[in-house]
Amino acid sequence: LDVSMDSWNFFYTCLVSLWLHRFYIYSAVAFGISIWIAIQFTTTKTKKKVTEHGEKSSGNPAASEGIEDKLVNGYATLRAKEVLVAGVKIFYGSQTGTAKRFAKGLAEAVISLNLPVEVINMGDYDPDDCLAEETTSRNICVFLVATYTDGQPTESAAWFCKWLEETANDFRFGKTYLKGLRYAVFGLGNSVYVDHYNTVGRNIDRWLWMLSASRIMTRAEGDCNVAQSKHGSIEADFEAWKAKFLSRLQALCRGEKKPCSGKCKKGKCKSSGKQSKESSDHEHGASEYENTEAEELFETSSEGEADTEEAGGTNSVVDVEDLGNIMSRMKKAKSEVATRSSGSHPVLDKGVPNIACVKIDGLIYFLFSGYKLTGSHSGVKLCRWTKSMLRGRGGCYKHTFYGIESHRCMEATPSLACANKCVFCWRHHTNPVGTEWRWKMDQPEMILQEAIENHQNMIKQFKGVSGVKADRFEEAMTAKHCALSLVGEPIMYPEINRFVKLLHQHGISSFLVTNAQFPDEIRNLEPVTQLYVSVDASTKESLKRIDRPLFKDFWQRFLDSLKALSEKQQRTVYRLTLVKAWNVDELKAYADLISLGKPDFIEVKGVTYCGESSASNLTMANVPWHEEVVRFVQELADLILDYEIACEHEHSNCLLIAHKKFKINGEWYTWINYDRFQELVQEHERSGRSKTFTAADYTARTPRWALFGSRERGFDPLDVRYQRKNKVRDISGC
Numbered sequence: 001l002d003v004s005m006d007s008w009n010f011f012y013t014c015l016v017s018l019w020l021h022r023f024y025i026y027s028a029v030a031f032g033i034s035i036w037i038a039i040q041f042t043t044t045k046t047k048k049k050v051t052e053h054g055e056k057s058s059g060n061p062a063a064s065e066g067i068e069d070k071l072v073n074g075y076a077t078l079r080a081k082e083v084l085v086a087g088v089k090i091f092y093g094s095q096t097g098t099a100k101r102f103a104k105g106l107a108e109a110v111i112s113l114n115l116p117v118e119v120i121n122m123g124d125y126d127p128d129d130c131l132a133e134e135t136t137s138r139n140i141c142v143f144l145v146a147t148y149t150d151g152q153p154t155e156s157a158a159w160f161c162k163w164l165e166e167t168a169n170d171f172r173f174g175k176t177y178l179k180g181l182r183y184a185v186f187g188l189g190n191s192v193y194v195d196h197y198n199t200v201g202r203n204i205d206r207w208l209w210m211l212s213a214s215r216i217m218t219r220a221e222g223d224c225n226v227a228q229s230k231h232g233s234i235e236a237d238f239e240a241w242k243a244k245f246l247s248r249l250q251a252l253c254r255g256e257k258k259p260c261s262g263k264c265k266k267g268k269c270k271s272s273g274k275q276s277k278e279s280s281d282h283e284h285g286a287s288e289y290e291n292t293e294a295e296e297l298f299e300t301s302s303e304g305e306a307d308t309e310e311a312g313g314t315n316s317v318v319d320v321e322d323l324g325n326i327m328s329r330m331k332k333a334k335s336e337v338a339t340r341s342s343g344s345h346p347v348l349d350k351g352v353p354n355i356a357c358v359k360i361d362g363l364i365y366f367l368f369s370g371y372k373l374t375g376s377h378s379g380v381k382l383c384r385w386t387k388s389m390l391r392g393r394g395g396c397y398k399h400t401f402y403g404i405e406s407h408r409c410m411e412a413t414p415s416l417a418c419a420n421k422c423v424f425c426w427r428h429h430t431n432p433v434g435t436e437w438r439w440k441m442d443q444p445e446m447i448l449q450e451a452i453e454n455h456q457n458m459i460k461q462f463k464g465v466s467g468v469k470a471d472r473f474e475e476a477m478t479a480k481h482c483a484l485s486l487v488g489e490p491i492m493y494p495e496i497n498r499f500v501k502l503l504h505q506h507g508i509s510s511f512l513v514t515n516a517q518f519p520d521e522i523r524n525l526e527p528v529t530q531l532y533v534s535v536d537a538s539t540k541e542s543l544k545r546i547d548r549p550l551f552k553d554f555w556q557r558f559l560d561s562l563k564a565l566s567e568k569q570q571r572t573v574y575r576l577t578l579v580k581a582w583n584v585d586e587l588k589a590y591a592d593l594i595s596l597g598k599p600d601f602i603e604v605k606g607v608t609y610c611g612e613s614s615a616s617n618l619t620m621a622n623v624p625w626h627e628e629v630v631r632f633v634q635e636l637a638d639l640i641l642d643y644e645i646a647c648e649h650e651h652s653n654c655l656l657i658a659h660k661k662f663k664i665n666g667e668w669y670t671w672i673n674y675d676r677f678q679e680l681v682q683e684h685e686r687s688g689r690s691k692t693f694t695a696a697d698y699t700a701r702t703p704r705w706a707l708f709g710s711r712e713r714g715f716d717p718l719d720v721r722y723q724r725k726n727k728v729r730d731i732s733g734c
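Throughout the sequence shown, residue numbering follows the UniProt record's numbering, covering 1 to 734 in sequence.
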C-alpha cells in the first residue's frame, strides 16, 4: 500500500510541474514549428532559383541540369534528375506523302534539341495496346494527319481514328483513360472542300480531349489552297507551326506549364499582346468552325490551365466515361444543325412518322456511338466482343456458355422503341418508347439486307488492322449469329416472325431478348435458337422501380410473359441483372419466378455502369464485384432443386445456371449444335409447322474451360487474354 501511495504522489507531482511550466512547453513547441516553416521556405526558394537558372540558360535542358548539379541543396540534386520531357513521338497519317515528309522534318528539328524522337506511321501502330502507355511515359505525342476524300482519314490512319472515336464514346474505357497524355495536332487539308476541311485533325483533337488528354498548344491547320493559306502554302503553314511547337517544347523541358497567362477558356487564348496573336495564328483556318457551338463543347485550354482539371470533373467516377453531360450537349448542338439543314422533321406516307425522325436527338446518339441505322426503325452495331475475337483476345459470354463465334455475331434490332425505361439502360433512354407500334413499318427483307450490308462494312474496316487474324476476318464477313438485343424491344416489330425466318434461311441463328411485357407476342413467336426474358426484379415494387415500365398492368404482363415462356419447346433463358442495393436480396422471390417460367437456363450478370445520366441515379457503388455475383448465384442455386451452376465468364461478370436435363452422364451440354438447329427449323417449316423439336434436340457438349470452377474461368484457351492498361477494375459487359 505504501508503494502505491508513493507512485501516486510522484505521478501527481509530475502533473503539477507540467501545468506550472506550461508556458515554457508551449514556447518550445512554437519554436520547433517556426524552424520547420523556415526549412520549408528555404526549400521553396531553392526550387524557384533552380527554375530561374534553367530559364536563363540557352533553352537546352542539359544546360539547366548542369546548373542544378552545382547546387548543394539536396532537393536541387533530385530536381536535376527529373525528366520533364522524355521524348517526342510523331504520328502521321498520309496519303500522298506530305504528312510523312512533315513528320521527318519535325523529327530532325527535335533531334537538334537533344531529345529522343520516334516517327510512327499510324497504320503500323496499335493504339489499343500502346496509346495508354503514353499517359505515364512523359513523351509528347504529335499528330500530323491529313483529311482525305469526303472528310475521311487516310487509309493508314483509318483504324487509329476509328479506335479513338469508339474509345472516346465507350463508357467502359472511362473519361480519364488518356489522362496524362500530352499532345499537339497539326491537320492537313484543303479549304476548297469547305464541308470537310481538316475534319480528321479536328476529330482527333476532340476525341483525345474527351479522354482527358492534355493539349500542349492549340490545334493548327495547314491549307493546300494557296489562295486561303495564311502563309502562302501548306509547307509555310507547317513551318510556322513547327517553330511555335519547338518553342513550346523547349518551355516544357524547362518546366514551364503555362503557354500564356493561364486564363484561357475553351481553347481560346485571352491573354494580351504577342501571346494572344500567336494563339490566333494557331487557329488559322478554323476560327469560323471553332466558333460553332458543337466545336466549343470540346475545346479546352492548354496543359496546366484550369479547364484541364475541369475535364476530369469533381464528381467523376473512376474508369467510367460520363456520357450524360457530353451527350446532352452534343445532341442539342447537332439537333439544331439538323433542324437548320432540313427545315423540319420529315413525316412519311399517310401521316405515319418515321421513328428516326420522331426521335432525332436519339438518332444523333446512335450515329455518334457507332450505330448504323437500317430503314426507319432498325439498327445494327459492331459489338466490342466481335472486335476482340477478331484479334484473338477472347469472345463474349455467349461464346463461353453456348459456343457462338463472337466474331461472326451481328448485334441488331428491328425495333429501336421500347416499353421500359430501365435505370441501367446503357442507351441513356435516347431511343423512343411506347406500348404499341406507332411508326411506319419497314419490310423484314429490307431490314435484314441493310443490316448485313452495314455489318459487313463495319467488319471491312478491320482489314489490315494490327492483330486481326486473317482467317477470322474472312469468317466474320459471313454472319452466323444474330443477337436481337441491341436496343429497344425486338418483339414489338409486327413482322418479327418473318424476320426470324429470314435469319434462319440465311443460316443465321437467332438470340432474341424481350423485356417480358408482351405475353401474346411471346406465345405467337416462331421457334428461335434461344429466347431470353429479362427478369430484372422479383417483386412488383422492385420491378417498377428498376424497369420503370410504361404499361399500367406491367406486373400481370410480366407474370403472363413468364408463363408464356414455359410453354416454349426451344431453349429459353432468364436474364437476371444484379444491381447492388436494388435487387440482390430477393432470392426466394426469384426462386418462385423460376418455378413459374421453368427456363432452361438462368444467366446472372452484374449490372454494367454506363456513366452518369439524368435518367438514372446509379453509380459505381451499384456494380457488384464478381465474387458477390458468384455468392448470389450459389445461394440462388441452393433454392432451385432442378438447377445447378454450369458455366462462368469472369470477364463479363456473368454466370450460367442450367437445368439438370442438360447434364448428361456427368457432362454439361449447354452449347448449341447450330447446324443441327438449322436442319430442325427447316424440317419444321417444310412440314407446315407440324413437326416440332425441343431444346434437347440441338445441344452440344460444353468444353471444360467454360465450366464453373475451371482454371480459365470461362476464357477460351485458344485466345490470349488482354488486360487493358489504366484500368483498376473491369466493369465490362455485353
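We put the CB at the ideal spot given by N, CA and C, even for glycine. Just so you know, these numbers come straight off a predicted model, no measurement behind them.
Using the rule of at least 16 other Cβ atoms within 10 Å of the residue's Cβ for burial, across every protein chain shown, is C269 buried or exposed? Residue confidence is low: C269 scores 43 on pLDDT, short of 50, so the model does not pin down where it sits. No coordinate-derived value is stated.
Could you say if the stretch 546–558 and the stretch 596–604 meet the contact criterion of at least three C-beta pairs nearer than 8 Å? no
Helix, strand or coil for C224? Go by DSSP, reduced to three states. coil
Do you know how far the Cα of E450 is from the Cα of F715? 33 Å
Where L718 and G488 are concerned, what is the direct C-alpha to C-alpha distance, given to the nearest angstrom? 34 Å
Could you tell me if W209 is buried or exposed, where buried requires 16 or more neighbouring beta carbons within 10 angstroms of its beta carbon? buried
Classify N9 as buried or exposed, calling it buried when 16 or more other Cβ atoms lie within 10 Å of its own Cβ. exposed
Measuring straight from C-alpha to C-alpha, what distance separates A706 and K398? 10 Å
If we ignore side chains and look at the alpha-carbon of each, how far apart do T539 and E166 end up? 37 Å
Measure how close the beta-carbons of I546 and V513 come, nearest whole angstrom, since I'm counting them as under 8 Å. Actually they are not in contact, since the Cβ atoms of I546 and V513 sit about 16 Å apart, beyond 8 Å.
Helix, strand or coil: how does DSSP classify T708 here? Thr is not the amino acid found at residue 708; the sequence shown has Phe there. It is coil, neither helix nor strand.
Beta-carbon within less than 6 Å of P444's beta-carbon, same chain only, minus the 5 sequence neighbours each way: which residues are those? E495, R498, F499 and L502
In whole angstroms, what separates the C-alpha of E299 from that of G105? Unreliable placement is indicated for E299, whose pLDDT of 35 sits below 50; the coordinate value is still reported in the next sentence. Those two C-alpha atoms are separated by around 28 Å.
To the nearest angstrom, report how far apart V83 and G255 are at their CA atoms. 10 Å
For T702, the three-state DSSP class (helix, strand or coil): coil
Name the DSSP beta bridge partners of N121, please? Y92
Going by beta-carbon coordinates alone, are I657 and A637 separated by less than 8 Å? yes
S26 burial status per 10 Å Cβ neighbour count (16 or more: buried): At residue 26 the sequence reads Tyr, which differs from the Ser that was named. Y26 should be labelled exposed.
Under a Cβ-count criterion, where at least 16 other Cβ atoms within 10 Å of its own Cβ denotes burial, should Y12 be classed as buried or exposed? exposed
Residue interval of the beta strand (DSSP E) (run including A86): Taken as a continuous stretch (DSSP letters only), A86 belongs to no beta strand (DSSP E), as it is neither H nor E.
Is it true that the stretch 198–205 meets the stretch 229–249, where meeting means three or more beta-carbon pairs spaced less than 8 Å apart? no
Which parts of the UniProt domain "Flavodoxin-like" (88–246) are runs of the beta strand (DSSP E), unbroken and 3 residues or longer, counting only runs that do not cross its ends? 117–121, 139–146, 182–189 and 220–223
Over what stretch of residues does the beta strand (DSSP E) that includes T572 continue unbroken? R571 to L578
Does DSSP put T670 in a helix, a strand or coil? coil
Suppose the cutoff is 7 Å on Cβ atoms and the five residues either side in sequence are ignored; what does the same chain contact list for Q678 look like? H504 and G507
Taking the alpha carbon of L639 as the reference point, which residue from F662, S652, I594 and Q682 has its own alpha carbon closest? I594
For S415 and Y197, the rounded distance between their alpha carbons: 36 Å
Contacts around K274, its chain only, beta-carbon distance under 7 Å, and the 5 residues preceding and following it disregarded: Here the model assigns K274 a pLDDT of 41, short of 50, so the residue's position is not dependable, and the following value carries that caveat. Closer than 7 Å at Cβ, skipping near neighbours: no residue.
Buried or exposed for R571, please, with buried defined as at least 16 other CB atoms from any protein chain shown within 10 angstroms of its CB. buried
Judging by CA-CA distance, which residue of L543, E436 and S509 is the nearest neighbour of V528? S509
On the CB-based measure, 16 or more other CB atoms within 10 Å of its CB, does Q461 come out buried or exposed? exposed
So, with DSSP's three-state summary, where would you put C14? helix
Which of the three DSSP states is assigned to T43 in this structure? helix
Can you tell me the Cβ-Cβ gap for K89 and N139, rounded? I've got them flagged as a contact below 8 Å. 5 Å
Mind checking which residues open and close the beta strand (DSSP E) that includes H649? Y643 to H649
I need the DSSP call for T386, collapsed to helix, strand or coil. helix
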